[in-house]
Structure formats: C-alpha cells, structure tokens
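To start, the structure under review is shown below, and the notes come after it.
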Amino acid sequence: MLVEYRRKTGRGLSLPLSAEKIGQWVFDLNILWEDIPMEQDTTRLAKLDSNNRIVLNQLAKRAFDERHGLLNTTIAHEVGHRVLHVDTTKDSQMPLRDFICTSQEGRGETAYPEEKQAHMFMAYLGNNILDT
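Have a look at this one:
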C-alpha cells in the first residue's frame, strides 16, 4: 500500500498513517456522508458500496463526533473490505453486495466472516493510523 501511495502521489507516507488518505489515494475510494437507515439495537456506521465509495452514515455523525478515533477506524475497516473482498483482477469488479457495517458485526459468532476479516485489517492498520 505504501509503495502504491508513493507512486500515485509522488510523496512518501510517514507514521502515523491516515486511513482516509490511503483509501482515497491508494484504492481510489470516494468517501462521502449519506443517511443509512438504522435497525433496532444496531448502529450502522458505514458501508462500502458497489460504486467504489465508502459511505459514512450521516445518522451516526454524533457517534463519530463523540468517540475519538471512530471515524478513522471505520474508514480503515471499509478499506479492509476493499483490499480483502474485492476482486480487482476482473475489470475492477466490485462486490456483489454492499458491505454494510454495524456496531454489532464482527464481534459475535454469527457475524459474516468478511466482517471479522475487515476488523482484523483495521486493527493491523490501526496500529499506525492518524485520527484525522
């Protein structure tokens, strides 16, 4: 990722890293805010949609504002979906479904394996990311 960032920007990265910059510059992800409907007892924070966009939930903006680091780690989680679950060898094919991430997914036994994998990616990247 760091080599690709340097190639695209002409600049090197220094620690700590910004998940937002990595998503935008390395993986050409657009990041925007939209309303994502909530379900009972669940907070939907973001999704990686089939248009190569990280959509942050405008309805959860207060949670992002109140929890230091939540925005950057959420973006890192969605970048993890892009890295781990999108087959870029097939003409930039995006996932067949949107990855809609909630505050509950990735933690329980019934969570999708993709959510756990994106959480692991976020954790490894998170050791070096900057909260922007």
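Going by the numbering used here, the sequence shown opens with residue 25, and the numbers climb by one from there. Virtual Cβ for every residue (Gly too), placed ideally from N, Cα, C.
What residue range is occupied by the uninterrupted alpha helix (DSSP H) comprising residue i?
i   : result
I99 : L94 to H109
L72 : Premise fails: L72 lies in the beta strand (DSSP E), R68 to L72, not in any alpha helix (DSSP H).
L26 : L26 to T33
R86 : K85 to E90
Looking at residue i: is its Cβ nearer than 8 Å to the Cβ of residue j?
i   : j    : result
L56 : H105 : no
L17 : V103 : Any question about residue 17 goes unanswered here, given that the chain covers just 25 to 156.
T67 : A87  : yes
H92 : M146 : no
L95 : M62  : no
Measure the alpha-carbon distance for residue i versus residue j and round it to whole angstroms.
i    : j    : result
E28  : V79  : 23 Å
E90  : W49  : 27 Å
K140 : K85  : 23 Å
G13  : T112 : There is simply no residue 13 to check, as the chain begins at 25 and stops at 156 in what is shown.
N81  : L41  : 23 Å
I46  : A70  : 17 Å
G130 : T97  : In this prediction, G130 has a pLDDT of 45, which is less than 50 and means its spatial position is unreliable; what the coordinates show is noted afterwards. Their Cα atoms are separated by approximately 14 Å.
M144 : I99  : 13 Å
According to DSSP, which residues form a beta bridge with residue i?
i    : result
V79  : L56 and K71
D63  : Correcting the residue type first, residue 63 is Glu in the shown sequence and not Asp. T66, per the DSSP bridge assignment.
L149 : Its beta-bridge partners do not exist; DSSP assigns none.
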